[in-house]
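Going by numbering that gives the first Met the number 0, the first residue of the sequence shown is number 0, and it counts up by one from there.
To start, the structure under review is shown below, and the notes come after it.
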Amino acid sequence: MDKLIIDESIASSPTQILRKTQDQGFGSRLKAAIQEVNQNQHSADNAIEKVVKGELGIHEGMLAIGKADLSLKLLLQIRNKVMEAYKEISRMPI
């Protein structure tokens, strides 16, 4: 039987990821998410232009549009949850 080889970088990655996320604040995570959504939107715009010019297939263009749409919807849901949490905290008696 073949031996199972465990790469140490993969084995230790959950703790490294945990440490990395603990170092980042909510604001920096939110900023990174907004930048990623913006990048996806620009990629979708470029894909549309390439589809119109015939440089890119319709399937690749639709995938780029779908990715941009999904990331925007996710960001909007995160925003809605943050707003709900803020409203609930503001209603708490001091």
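We put the beta carbon where it would ideally sit given N, CA and C, even for glycine.
Because the structure is a prediction, the values reported are computed rather than measured.
Check, Outcome
"Straight-line gap, Leu17 to Val51 (C-alpha atoms, nearest Å)", "Because Leu17 sits at a pLDDT of 48, beneath the cut-off of 50, its placement in the model cannot be relied upon, and the following sentence gives the value as read from the coordinates. Going from the Cα of Leu17 to the Cα of Val51 covers about 43 Å."
"Proximity winner among Gln23, Gly24 and Leu29, relative to Gln76 (alpha-carbon distances)", "Leu29"
"Cα-Cα separation between Met61 and Arg78, rounded to whole angstroms", "26 Å"
"Ile93, DSSP secondary structure in three states", "coil"
"C-beta atoms of Ala63 and Ile88 nearer than 9 Å", "no"
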